[in-house]
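J.: Position in the sequence shown counted from 1, then plus 243, gives you full-length UniProt numbering.
Positions of the beta carbon are idealized from the N, C-alpha and C atoms, including for glycine.
On a predicted model such as this, the values are computed, not experimentally measured, just so you know.
Pasting a structure here, questions to come.
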Amino acid sequence: SAAEKGGFDWFMRKEIYEQPRAVADTLLGRYDSDGALTLDEIRISEAELRQIDKIVVIACGTSFYAGLVAKYAIEHWTRIPCEVELASEFRYRDPIVGPTTLVVTISQSGETADTLMAIRHAREQKARVLAICNTNGSTIPRESDAVIYTHAGPEVGVASTKGFLTQLVACYLLGLYLAQVRGTKYGDEIATIMHELEQMPALIQQVLDGIQPVLDLASEFADEPSVLFLGRHVGYPVALEGALKLKELAYIHAEGFAAGELKHGPIALIDHQLPVFVVVPPQGRDMLHDKVISNIQEVRARGAKTVILVEEGDEEVTPYADVLIRLPRVSTLLQPLVATVPLQVFACELATRKGHDVDQPRNLAKSVTVE
Ligand code: G6P
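Here it is in structure tokens:
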């Protein structure tokens, strides 16, 4: 009913708007007044966590993309090698895991069969398994050694939104916790990142408050047959998620690519007026930002219609943007928390305009309990 949806047309839209609160809830109580992260639900001892020599993240769908973001953060902060693998691929290739491997599994529902089978396989090989999950008492956390609950509240829309953002937060918390335990980051560095995480609910709200241009864009693009999404670094999983949302909800052909791979193939797809969304990394010391600007110039020169997600105050890209979507200024690793939101809204709105059932897309299930 409309009341259940809090006055929104879809659960998905309601859940998109719940994200500031959901992210705040994921962060709640993780950080004590002495400036130490305390993840009580991690029942793996600090001594064991110091022995870990490899992390393997296993998940499906949108949760897999949270895992791709996690790799960048975890490796950067902890220097522990981190692989990310689709759960449905993991156990069929005789993966190398053992007692010093930490398997991190990400599942909103905690019931996805592919993911469950993968962690059973990992535990048979004696790996330690930590679940990032939104559903208390579900099967995956029950069969894991440890759990970080995301506390996003029930997610009803089939396409994950607040589930995804809170998974990202849990991944950042895990990365920082491992860095703290292993001493690869000092307390003040962790405090700086935690402080920025604590600003995120307000910044996500800011994105939602300024969302009207994205809604307008959805009506403008409702008849497009194909849309591309590009990003680099953590912007790459954001691009994949933007494309997945369009496929799931609007039944539009969409692809996400690593912008640096353009020249190795995807650029052949660029055609007159093809919409291309690009996530621009924050202006920083590294070359990432400038490289993405060159990628945008390349697609624009070949006729693409460019929709550019870029932080406030960055004017370098303006000459090459047909549409600008402004993002709050955040650090590179945390940018997915704000950059994903316009793409969720875009897909939700476009599907609405096309008359599709946004909460129950055809052929999809909220949790896939068969392999
Ligand atoms: C289904 C849903 C997706 C979800 C995926 C993984 O395919 O339609 O939205 O991302 O399962 O679900 P999980 O509950 O394991 O995160």
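Between the segment 314-321 and the segment 418-429, do three or more beta carbon pairs fall short of 8 Å?
T.: yes
J.: Would you mind giving the Cβ-Cβ distance between R557 and Q526, rounded to the nearest angstrom? I have them listed as a contact below 8 Å.
T.: A small correction: the amino acid at residue 557 is Asp; Arg does not occupy that position in the sequence shown. Confirmed, Cβ separation roughly 5 Å.
J.: Determine the DSSP secondary structure at S331, reduced to helix, strand or coil.
T.: helix
J.: Among residues of its own chain, excluding the 5 on either side of E326, which ones have a beta-carbon nearer than 8 Å to its beta-carbon?
T.: K297, I298, V299, V300, K314
J.: Does the pairing of the segment 461-472 with the segment 444-451 give three or more beta-carbon distances under 8 Å?
T.: no
J.: Could you please give the first and the last residue of the uninterrupted beta strand (DSSP E) stretch that includes V299?
T.: 297-302
J.: Would you call the segment 540-547 and the segment 482-489 in contact, with 3 or more CB pairs under 8 Å?
T.: no
J.: Based on DSSP bridge pairs, tell me the residues matched to C591.
T.: Looking at the DSSP assignment, C591 forms no beta bridge with any residue, so it has no partner.
J.: Could you tell me whether the Cβ atoms of P585 and V457 are closer together than 7 Å?
T.: yes
J.: Could you check how far apart the C-beta atoms of V573 and V581 are, in whole angstroms? I think they sit under 8 Å.
T.: 6 Å
J.: Regarding L607 and the ligand G6P, is the C-beta to nearest heavy atom distance less than 6 Å?
T.: yes
J.: For the beta strand (DSSP E) containing P444, list its first residue and its last residue.
T.: Segment 430-452 is the alpha helix (DSSP H) holding P444; no beta strand (DSSP E) there.
J.: Got a sec? Which residues, its chain only, sit under 8 Å from G608 by beta carbon, not counting five neighbours each side?
T.: According to the sequence as given, residue 608 is Ala; it is not Gly. Once the five neighbours on either side are set aside, the close Cβ partners of A608 are V401.
J.: Using alpha carbons as the reference points, say which of N379, E367, V390, S381 lies closest to L373.
T.: Proximity to L373 across N379, E367, V390, S381 peaks at V390, based on C-alpha coordinates.
J.: Looking at C-alpha atoms only, which residue of V412, V346, D283 is the closest neighbour of D268?
T.: V412
J.: Excluding five sequence neighbours on each side, which residues of the same chain lie with their C-beta closer than 6 Å to the C-beta of Q262?
T.: Excluding residues within five positions, the ones whose Cβ falls inside 6 Å are K405, L408, I447.
J.: Kindly indicate which three-state DSSP category E386 falls into: helix, strand or coil?
T.: In the structure shown, E386 falls within a coil segment according to DSSP collapsed to helix, strand and coil.
J.: How big is the Cα-Cα spacing for V611 and R363?
T.: 17 Å
J.: Let's see if you can read the secondary structure: which residues bound the alpha helix (DSSP H) around S469?
T.: Taken as a continuous stretch (DSSP letters only), S469 belongs to no alpha helix (DSSP H), being part of the beta strand (DSSP E) at 469-474.
J.: Determine the direct distance from the alpha carbon of V521 to that of A547, and round the result to whole angstroms.
T.: 11 Å
J.: How far does the beta strand (DSSP E) with A501 in it reach, from first residue to last?
T.: Residues 496-501.
J.: Report the residue from E367, L567, D452, S331 whose alpha carbon sits nearest the alpha carbon of P342.
T.: Of all alpha-carbon atoms in E367, L567, D452, S331, the one lying nearest the alpha-carbon of P342 is that of E367.
J.: Please name the residue, chosen from R334, R336, S387, N538, that lies closest to I349 on a Cα-to-Cα basis.
T.: S387
J.: Note down the Cα distance separating E328 from F307, rounded to an integer number of angstroms.
T.: Spanning the two alpha carbons is a distance of roughly 7 Å.
J.: Threshold first: 3 residues or longer. Then list the beta strand (DSSP E) segments lying entirely within the segment 562-588, N to C.
T.: Within the segment 562-588, the complete beta strand (DSSP E) segments at least 3 residues long are 566-570, listed from N- to C-terminus.
J.: Take A290 as the anchor and find which of G503, L421, A502 has the nearest alpha-carbon.
T.: L421
J.: Can the beta-carbon of P524 be found closer than 7 Å to that of G478?
T.: Going by C-beta atoms, P524 is nearer than 7 Å to G478.
J.: Determine the direct distance from the alpha carbon of D357 to that of I510, and round the result to whole angstroms.
T.: Take the alpha-carbon of I510 and the one of D357: they are about 33 Å apart.
J.: Mind checking whether the beta-carbon of S306 lies closer than 6 Å to any heavy atom of the ligand G6P?
T.: At a cut-off of 6 Å, the beta-carbon of S306 counts as near the ligand G6P: some heavy atom of the ligand is closer than that.
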